[in-house]
Amino acid sequence: MALPKTRLFFGQCSLQVPFEVTMQKVVLCCCCVLLAAPCSADVSSTVVLTSNYLFNGITLTNHDPALQPSLDWSSGDGWYAGLWVSNVKFSPGTELEFDATIGYWTELSPDWVLDVGVAQYTYHGSESANSEAFNFPEAYLKLSYKTTKLGYWYASDYFGAGGGHYIVALFHTIPLHENGSLLLTADRSTSTQTDKFMRDTDGTYHHWRIAYLASWQGLNWTLAFDDTDYSLPFYGDAKVSLAVAKTFSW
19 MALPKTRLFF
29 GQCSLQVPFE
39 VTMQKVVLCC
49 CCVLLAAPCS
59 ADVSSTVVLT
69 SNYLFNGITL
79 TNHDPALQPS
89 LDWSSGDGWY
99 AGLWVSNVKF
109 SPGTELEFDA
119 TIGYWTELSP
129 DWVLDVGVAQ
139 YTYHGSESAN
149 SEAFNFPEAY
159 LKLSYKTTKL
169 GYWYASDYFG
179 AGGGHYIVAL
189 FHTIPLHENG
199 SLLLTADRST
209 STQTDKFMRD
219 TDGTYHHWRI
229 AYLASWQGLN
239 WTLAFDDTDY
249 SLPFYGDAKV
259 SLAVAKTFSW
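Using the numbering used here, read the sequence shown as starting at 19 and increasing by one per residue.
Laid out in structure tokens, this is it:
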């Protein structure tokens with residue numbers, strides 16, 4: 019199973035996370051975990067083709083399609099790690115996003131699940147694009163109760179802009195039939211420095227999403243409608259997207 023973009027899409031708080039975590043450290047840790055995976059561990063790869071790469075409701079491909087392969091590892095006792103790649107087109111010369119994630123989840127009870135982790139987002143392109151300036155780490159915490167999940171993400175240097183940022187998101191899944199479900203999402207993105215991001219005067223915007231998830235012909239399909247109250251219409255306007263995914267277990 020591919021790791022979700024934690025950033026779902028998706029931090030402004032007094033919590034000080036030790037984010038002297040570099041991309042090299044996170045990626046190296048993930049690679050070591052994947053290479054040292056015991057036979058009992060679960061290693062898989064998922065390839066996603068989507069009509070539009072949306073990050074908390076904002077297009078990162080200028081509304082163009084994206085190919086997104088991943089490599090995911092799970093220990094079977096809560097630990098997991100993953101590497102994820104996508105083409106992007108949100109800044110001239112920046113063409114590729116490469117992310118690494120490591121985390122741990124545990125069952126608090128039969129109905130409650132706690133998930134914590136850290137992700138490193140990195141961007142790559144032509145030498146003149148200075149894409150690495152967008153790189154940033156992020157910590158997250160998710161609490162699930164049955165088919166409802168509450169998530170919190172915090173970054174102290176969001177997209178390399180020098181400003182803190184946090185996201186609070188609520189997810190709810192409604193089973194429809196054996197191979198299909200409806201996923202409802204609502205989230206709020208907030209910047210601690212309103213001069214760092216082109217948003218409303220309070221540095222926030224809201225994103226909502228309704229998605230139909232279905233398994234058919236050995237593939238996982240997602241048909242989604244996203245909208246935001248983001249102040250720049252081209253990036254945050256209402257949009258429909260279609261994604262198809264195939265997972266390969268090793």
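Quick reminder that beta carbons are idealized off the backbone N, C-alpha and C, glycines included.
Distance between beta carbons of residue j and residue i, contact taken as under 8 Å
i: D255; j: H225; result: Not a contact, Cβ separation roughly 12 Å.
i: T119; j: G96; result: About 14 Å separates the two Cβ atoms, so there is no contact after all.
i: S199; j: L231; result: 5 Å
i: G182; j: Q211; result: 7 Å
Beta-carbon spacing of residue i, residue j below 8 Å
i: E113; j: H81; result: no
i: W102; j: A59; result: no
i: L168; j: V134; result: no
i: A179; j: T203; result: no
i: G111; j: A84; result: no
i: Y184; j: Y172; result: yes
i: S127; j: S88; result: no
As assigned by DSSP and simplified to three states, the class of residue i
i: S149; result: helix
i: P251; result: helix
i: G143; result: strand
i: Y176; result: helix
i: D60; result: strand
i: S109; result: coil
i: V39; result: Only weak support exists for where V39 lies, its pLDDT of 47 falling under 50; the value from the coordinates is given anyway. Here V39 sits in coil by DSSP.
i: Y158; result: strand
i: G198; result: strand
i: Q138; result: strand
i: H190; result: strand
Residue i: first and last residue of the uninterrupted beta strand (DSSP E) it sits in
i: G181; result: Taken as a continuous stretch (DSSP letters only), G181 belongs to no beta strand (DSSP E), as it is neither H nor E.
i: T124; result: T112 to E125
i: K164; result: First-last for K164: undefined, no H or E at that position.
i: D244; result: L237 to T246
i: D90; result: A84 to S92
i: H224; result: T222 to W234
i: A263; result: K257 to S267
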